[in-house]
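Asker:
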Amino acid sequence: MYTQNELKAQVAQAAVEFILPRLQQDSLLGVGTGSTVDLFIDAIAEHRHLFRGAVSSSERSTTRMLEHGIDVFDLNNITEVGWYVDGADELNADLAMIKGGGGALTREKIVASVAEHFLCIADRSKEVDVLGKFPLPIEIIPMAREAVARQIKALGGQPVLRENFITDNGNQILDVSGLQIHQPEQLEALLNNIPGVVCNGMFALSGATTALIATQEGVLQRERPAV
Ligand code: 5RP
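Going by the UniProt record's numbering, the sequence shown opens with residue 1, and the numbers climb by one from there.
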């Protein structure tokens, strides 16, 4: 039996093999955040001469890429990103995801929105039939914390402030449990409309286009179903 960390390393390596033929000398890679992405950064670093550089979704990933000699570009100076590679906390069959366990959801969603394709890399423990067992992270403006929390309770969720955590954008995170998410796209839009919410960790409108899932039997590739 492979451990979860071994599965993460396998999917990170598979992602490198998937991405390399899709990169050109002038390509910029969008890079997510998390322990799976850390392994992806480590694995793709030896091929850094094959592409121009990266756009990062967090200070954590930026630091790691710079340590490996990968050039990191400011998104404000970039108009095109081909592939964005990131992990997930939960993933359903439509490749809608809950993300933000590492707290980088806002920058992740921004970089993903610029990219043409989103490659999700995860181990099988992240696959679910119904999203919502993993508490949904919501980045909020601190002065709106209680107002947002009341609106989330009215939707049936139980928000808990993530203690001792400030995002790269200087905000706080509410982790919301108790939501059975049968209509992820509607929930994503609804949460976006609450004043004080900077971003929510539902990536459904902004779901993955392709997923690589590490299992005990090997890495599986899944595509977002056509609508
Ligand atoms: C960070 C994220 C990560 O992609 C998610 O938490 C998965 O992380 P890991 O690869 O460590 O399991 O959304 O904000």
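All residues carry an ideal CB built from backbone N, CA and C; glycine is no exception.
1) Tell me which residue opens and which closes the beta strand (DSSP E) that L212 is part of.
2) Who pairs with I185 in a beta bridge, going by DSSP?
3) Measuring only from the beta carbon, is K99 closer than 7 Å to any heavy atom that is part of the ligand 5RP?
4) Between the stretch 170-185 and the stretch 128-148, do at least 3 Cβ pairs fall closer than 8 Å?
5) Between which two residues does the alpha helix (DSSP H) holding F51 run?
6) Would you call G156 buried or exposed, if buried means 16 or more other Cβ atoms sit within 10 Å of its Cβ?
7) What is the rounded straight-line gap between the Cα of Q158 and the Cα of N200?
8) Got a sec, what are the start and stop residues for the beta strand (DSSP E) N200 sits in?
9) Compute the distance between the beta-carbons of L174 and I141, then report whether it is under 8 Å.
10) Less than 7 Å between the CB of E127 and some heavy atom of the ligand 5RP, yes or no?
11) Could you tell me if N76 is buried or exposed, where buried requires 16 or more neighbouring beta carbons within 10 angstroms of its beta carbon?
12) Could you give the distance in angstroms between the alpha-carbon of L187 and the alpha-carbon of T210?
13) Go to E59, then tell me how far its beta strand (DSSP E) extends in each direction, as first and last residue.
14) Among residues of its own chain, excluding the 5 on either side of E223, which ones have a beta-carbon nearer than 6 Å to its beta-carbon?
15) With E17 as the anchor, note down where its alpha helix (DSSP H) starts and where it stops.
16) Just tell me which of V227, L212, A226 and Q216 has its CA closest to the CA of E17.
17) Less than 8 Å between the C-beta atoms of N171 and V128, yes or no?
18) Can you check the stretch 87-142 for any beta strand (DSSP E) of at least 3 residues that lies completely inside it and give the ranges in chain order?
Answerer: On the basis of the supplied data:
1) Element bounds for L212: T210 to T215.
2) Sequence check: residue 185 is Glu here, not Ile. None, per the DSSP bridge assignment.
3) Yes; taking the cut-off as 7 Å, the Cβ of K99 has a heavy atom of the ligand 5RP nearer than that.
4) Yes, the stretch 170-185 touches the stretch 128-148.
5) Segment: none, F51 is in no alpha helix (DSSP H) and carries neither H nor E.
6) Under this definition G156 is an exposed residue.
7) Computed Cα separation, rounded: 15 Å.
8) According to the DSSP assignment, N200 belongs to the beta strand (DSSP E) that extends over V197 to N200.
9) It is not a contact, given that the beta carbons lie outside the stated cut-off.
10) It does not: the Cβ of E127 is nowhere closer than 7 Å to a heavy atom of the ligand 5RP.
11) Classified as exposed, N76 has fewer than 16 neighbouring CB atoms from the shown chains inside 10 Å of its CB.
12) Computed Cα separation, rounded: 22 Å.
13) No beta strand (DSSP E) contains E59, which is instead part of the alpha helix (DSSP H) from E59 to E67.
14) Cβ within range, chain order: T210.
15) First-last of the alpha helix (DSSP H) with E17: Q4 to I19.
16) Per the Cα distances, L212.
17) No, the Cβ-Cβ distance between N171 and V128 is not below 8 Å.
18) Runs of the beta strand (DSSP E) lying entirely within the stretch 87-142, each at least 3 residues long, are 115-123 and 136-140 in chain order.
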